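Participant:
Protein chains in written order, with our numbering: chain S, 4 to 249; chain E, 4 to 249; chain F, 4 to 249; chain P, 4 to 249; chain U, 4 to 249; chain Z, 4 to 249.
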């Protein structure tokens, strides 16, 4: 049940039997020569919706803007400052907690969000621990691609060249979700420079001239995307259920 | 050109000839017995994408969460605090301004956003006026339904009972955009209580027991939605072009 | 009863029979060649005090600084950032709510405040709606010049050239309130350029070289001010009472 | 020259020969049985205006709300949180610095403001010292009653019972400024309990049941106020000139 | 009992008989030619620990960074913005209040902290006074060097040339605490320029070229430091006990 | 070179040949029955000082308070909210960057800091990437215990029961650093419950009744601490040099 496509009465009914909700979160940032700027939020969204379709759990609207400061030297990228994103997460969680949601399962499509969203969770828990009058909630964040089935498919398909940004896997999944927007580009070099620490946007661009890290997304295809999607849904259904039972 | 579906190189090309971008903004809040919680952001989104398709202008990912505090007594509604939403708008605008975007045309689907988003624009301009080292940008916000053509269609279809929340028009447009999620419900009373000032969420609910204000969305249909959509696209194309030339 | 001129015991007595208070809010910004920088807060203040004198309601000290970023290219103008003004409004309302005030009637003298102060109200209500432990309050903001009697007088006196900034009406009212500070200046052009959207301070100044919008304040006089004052008091008394009964 | 009563062109002229401005700051808080809630800002205001009249220096609109948390157990008192007041001071200073004002002389009427306003100055200087692109400004804050002449008059008039809150001197000055609002009350005990450290509002009220600290404001009179006023003007003119030359 | 060197069970035991805690606070800033950058926090820390050793009271970890914006033109100095330091003080106090600590005795080594820390206390009290659901706490801040015994020793040792920054007394105490870090330097002039108002960092450096104010710290010695230490411990034990009994 | 024990002239000299600085960061939180509340910051501090002694690099004063919300159900623990700690990190980095420091190597003693401090770094980089006028800096954070030599020693000493909070290794290192504060306690159960996700403080305490996670710190000894110390120094020297050369 996507909240966006439900009525409030339907949500009221839902809350009689479940207090869990999935929040897809991604980013709006470059994804190399053939990757879409929306890749991260599109991937999180399609998987979250798929889980919602599979087991009927609530899925909140996608947080499409994430912490992407390092991509700002590539046109079209946008970032929320960490301090802003933390407030967004707090407000969304606090809003839904008003209704009785208590378990927030964030399906994430972007590594750059991890620190900030984790800090946002800690800010929420800190309020509780310090005695602020807030609801007791539990949050968990996981990558759509981080489960065992999905990792296995990615390994089979791309071995060591899936990479860590503009990965072949995420480009494939986005192609599966948005086939009308498949892009083609030559990769040069074929496999992008490997992952290393980076800092601000200019530094990132100097290290990864076309935006990719360690990947060869010319290998991507919507068919791969379908396989990854199926694996991710199974992984996330399992992870969500584990979380609810935690 | 949806940014989410473009590559960074495509955005780089785009910026050679235009510095304009459309930002759809809506809300996640109850819309009465047959309206979707996502109605406001879905309507803003479908119109923004339609304008992008029609004239090739850039369309940023939708801001799906708005200022909806007054709806929190209805399950599933979520709000950003005004102070949070102002930071979100600032960050998105500042990010895109880094790339050379200078004209930000917000297509809005939610009256409750107006004060906060206007204040956000003022916060951005204030920084410039006070000498902070920020880019010079121009922002405008308009309702998807606020142009002459769209108003005319709504008037023809619903006359005085379009209302001001969970309107027949917005429910119709959402049905056109998401036909798989059309809901049916009895309206009681047929036309909801008329608009008046409201305050916090409990007060709102006391005034408008099923969430609607002044509307009879049982009149809605996807066919109406198509007519409204066509009118809105024309209105918004015109308004966007006027803004670019301003 | 002006709070500033009362003792705390007098306020304690007042609260036994009323929980309403008027908060005058204006700005500190240029008002063209013969308008005072304090025009907006002086007008709000004199009307608020007049209402207090007329019906004995509480009147808080004037908020003399408003959201005036667009006037900063004219010497002497000062602004609060929207985010700052929102905190000021929150603190004043929360303070007075501690004592039992529940109805806050803001008499406003400055259009530029509307979005920010409305967002401030929403921030206050959002806290309540989200479950923060805050008092339940109701706020309303209205222009001193926005009632039917006052509009009628302005229309009679100035017809279409009252304008929208440094208006003949507000200059007249300020002359009535502060006759020792009446200024004389040639207007060139006689009627200032009409209202249009503006952005940051430099943009505003380029559009309205002497600061006025659409007005001819050389028509102003303290006698006009007296007529406007009398009309405004009647309008505001009525509006305040309506609000208390709301 | 009161900014509120000047035109922007007059301020432009002023800035050709001076970059100094006086900012009166006070509070809105109880002042005992016969003291006005506005005492602190009224005193700061009347002295600031008097200095402006005497030597033609610029006087900004009064900051009528200060840091008064400890008075909130007495009806009618209002406070800005320190963090809010710091932003107000920053915005006012930054605004006026845009025009070329560089020397900000705060005439203060309230001891409770000292820490917060000093911290606000430090916040402004910290921005400069840390390399933020802000103007170089200099701020000083002084009590209207802190100069040698004024202290001498107060000592002559009240000796050891001037006290430290709701002082006979400040009540007298407010009576001189607002003779229509002179209040009469029995003081019991005649001299209020002496000054000691206090904490939140409930604690303050427990220590000082009628709001006064160490004072006997039944001694106050508008004639005393006139003497204090004259002394304060001389003191503040001298202090302001010293500051400009510093 | 230093919290840092205790177990949680020991703190639990302590709280059965006392709700007081000492918080040492200083700065990280230049202290002239022979003074350590850590002088202020080292002095606060050694005295706080000494008091803890003498009477067994709880001593929290030292706040080593303070409000030092004016020293930033000297290498190695670091500052927290006042707004940041206020949040730090709030969080530390609120955390310890969760456990039952109610009396917070700050031993301070740096004049520049006074306004900000006092404002931080006011922010905490304001929350309480405004009805926020926070614990009732009492805070007091005192200089390690501000008691009668310590002042007497400093007067005996240095008379009028103890100064007000990089004082002979604080350098001596730091030498006593950290004898391995005693530095030797020629003072030129022997006694630094006297105290006067300063503003941002560049201004401070122009007034006090080697960083000292009014002092001759070449007079310092660890033996002096021992005498000052002993006096300070007695002073602070007394002041702490007075505060607990307040 | 500890900044706290250096003069500003010594730092000035240092900056002629290096722009690197180590910032120790830990926490103030319970560490089980025999672990010190200061364990995390003591460990970070002793290792940082050791590296400074070994190779002469600059070491800033320790950040003794970290993100410890989950420990607040154990007496003596204190936390900074994530949003506060982010500001502290920003201010310290920005301060030192004023002097020319560009490489900030945080030696961390507390897992709970990772998300927040990483988000703080991202906030700093985001400012740069968004065009704010800030210095270009590079930050890295590493655990004192995270290098290969130190991990090997811990594995040799404790195998699978080092655990993840109140670890035998960190208790040993703290015993080595503060031998006067060695505590003895029975562990029951001998090995604490294994690591799992936790939320707010009450939840943490329910999962880990005596505060430990997965550890048996009764195995700790100062002799172990010495071995761990030596290994950590070597690891951190190497890591710091790698970072400077990065």
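Think of the CB as a built atom: it goes at the ideal place given N, C-alpha and C, for glycine as much as any other residue.
Every value quoted in this text rests on a predicted model; they were computed, and no experiment measured them.
Using a C-beta cutoff of 8 Å, does residue 34/U count as contacting chain P?
Facilitator: Not one chain P Cβ lies under 8 Å of residue 34/U.
Participant: Output yes or no for whether 8 Å exceeds the beta carbon distance between residue 5/P and residue 92/P.
Facilitator: No.
Participant: Which whole runs of the alpha helix (DSSP H) in the region 152–223 of chain U are 4 residues long or more, in chain order?
Facilitator: Qualifying alpha helix (DSSP H) stretches, in chain order: 171–180, 204–210.
Participant: Pick out whichever of 211/P, 90/P, 15/P, 220/P has its Cα sitting closest to the Cα of residue 127/P.
Facilitator: Here the closest residue by C-alpha is 90/P.
Participant: Determine, using beta carbons only, whether residue 136/Z comes closer than 8 Å to chain E.
Facilitator: Closer than 8 Å to some Cβ of chain E, the Cβ of residue 136/Z qualifies, so yes.
Participant: Under 7 Å, CB to CB, which of the residues in the region 97–108 of chain P have a partner in chain E?
Facilitator: Listed by position along the chain: 97, 98, 101.
Participant: Helix, strand or coil: how does DSSP classify residue 38/F here?
Facilitator: In this structure, residue 38/F counts as strand in the three-state DSSP scheme.
Participant: Is the shortest distance between the beta-carbon of residue 129/E and the beta-carbons of chain F less than 8 Å?
Facilitator: Yes, contact with chain F.
Participant: At a CB-CB cut-off below 7 Å, which residues of chain S make contact with residue 141/Z?
Facilitator: Near residue 141/Z (Cβ distances below 7 Å), the residues of chain S are 202.
Participant: So the candidates are 109/F, 172/F, 60/F, 27/F; which of them puts its Cα closest to the Cα of residue 34/F?
Facilitator: Answer by Cα proximity: 172/F.
Participant: Could you pull the start and end residues of the beta strand (DSSP E) that residue 24/E belongs to?
Facilitator: Run containing residue 24/E: 23–28, per the beta strand (DSSP E) assignment.
Participant: Indicate whether at least one CB of chain U lies closer than 8 Å to the CB of residue 75/S.
Facilitator: Not an interface residue.
Participant: Excluding five sequence neighbours on each side, which residues of the same chain lie with their C-beta closer than 8 Å to the C-beta of residue 55/P?
Facilitator: Closer than 8 Å at Cβ, skipping near neighbours: 4, 5, 25, 61, 62.
Participant: Which residues in chain E have a C-beta closer than 7 Å to the C-beta of residue 133/Z? List them in chain order.
Facilitator: Within chain E, the residues near residue 133/Z are 97, 98, 101.
Participant: Any Cβ of chain E within less than 8 Å of the Cβ of residue 80/S?
Facilitator: Closer than 8 Å: yes.
Participant: Is residue 69/P closer than 8 Å to residue 88/P when the C-beta atoms are compared?
Facilitator: Against a cut-off of 8 Å, the Cβ pair of residue 69/P and residue 88/P comes out as a contact.
Participant: Comparing alpha-carbon positions, which option in 16/F, 75/F, 147/F, 112/F lies nearest residue 241/F?
Facilitator: Selected option, being the one with the closest Cα: 147/F.
Participant: Strictly by DSSP, which residues pair up with residue 5/U?
Facilitator: Residue 5/U pairs with 62/U.
Participant: Taking a contact to mean a Cβ-Cβ separation below 8 Å, would you say residue 195/F touches residue 224/F in this structure?
Facilitator: Their beta carbons are not under 8 Å apart, which means residue 195/F does not touch residue 224/F by this criterion.
Participant: For residue 156/P, collect the residues of the same chain with a Cβ closer than 7 Å to its Cβ; drop the 5 residues on either side in sequence, then sort them by chain order.
Facilitator: Excluding residues within five positions, the ones whose Cβ falls inside 7 Å are 230, 231, 234.
Participant: Rounding to the nearest angstrom, what Cα-Cα distance links residue 187/U and residue 27/U in this structure?
Facilitator: Distance between the alpha carbons of residue 187/U and residue 27/U: 27 Å.
Participant: Can you check the region 80–126 of chain E for any beta strand (DSSP E) of at least 3 residues that lies completely inside it and give the ranges in chain order?
Facilitator: Taking only runs of at least 3 residues, the beta strand (DSSP E) segments lying wholly in the region 80–126 of chain E are 106–111.
Participant: Does the CB of residue 44/U have a neighbour CB from chain Z at under 8 Å?
Facilitator: With 8 Å as the cut-off, residue 44/U counts as an interface residue toward chain Z.
Participant: Would you list the residues sitting across from residue 145/Z in a DSSP beta bridge?
Facilitator: Per DSSP, 110/Z.
Participant: Answer yes if the region 111–131 of chain S comes into contact with the region 107–126 of chain Z, meaning at least three C-beta pairs across the two stretches below 8 Å, and no otherwise.
Facilitator: Contact between the region 107–126 of chain Z and the region 111–131 of chain S is present, because at least three Cβ pairs lie under 8 Å.
Participant: Helix, strand or coil: how does DSSP classify residue 245/Z here?
Facilitator: DSSP places residue 245/Z in helix when its eight states are reduced to three.
Participant: Which residues in chain F sit within 7 Å of residue 86/E, going by Cβ to Cβ distance?
Facilitator: Neighbours of residue 86/E on chain F, chain order: 86, 89, 126.
Participant: Within this structure, are the beta carbons of residue 216/Z and residue 168/Z separated by less than 8 Å?
Facilitator: Contact: yes.
Participant: Short of 7 Å Cβ to Cβ, which residues in the region 10–22 of chain Z face chain U?
Facilitator: Taking 7 Å as the Cβ-Cβ cut-off against chain U, the residues of the region 10–22 of chain Z that qualify are 10, 11, 12, 14, 15, 18.
Participant: Could you tell me whether the Cβ of residue 65/F comes closer than 8 Å to any Cβ of chain P?
Facilitator: Chain P, which has a Cβ nearer than 8 Å to the Cβ of residue 65/F, makes this yes.
Participant: If residue 80/E and residue 31/E are in contact, beta carbons under 8 Å, what's the gap, nearest whole angstrom?
Facilitator: Between residue 31/E and residue 80/E the Cβ distance is about 7 Å, and since that is below 8 Å, they are a contact.
Participant: Does residue 239/S have its Cβ less than 8 Å from a Cβ in chain Z?
Facilitator: Output row for residue 239/S: interface = no.
Participant: Under the criterion of a Cβ to heavy atom distance below 7 Å, does residue 24/P qualify as lining the ligand FAD?
Facilitator: Because no ligand of any kind appears in the structure shown, any question about the ligand FAD cannot be addressed here.
Participant: Tell me which residue opens and which closes the alpha helix (DSSP H) that residue 75/P is part of.
Facilitator: Note, residue 75/P: premise wrong, no alpha helix (DSSP H); not H, not E.
Participant: Looking only at DSSP bridge pairs, what is residue 10/F linked to?
Facilitator: Residue 10/F is not bridged to any residue.
Participant: Mind checking if residue 249/P is an interface residue toward chain U, Cβ cutoff 8 Å exclusive?
Facilitator: Yes, contact with chain U.
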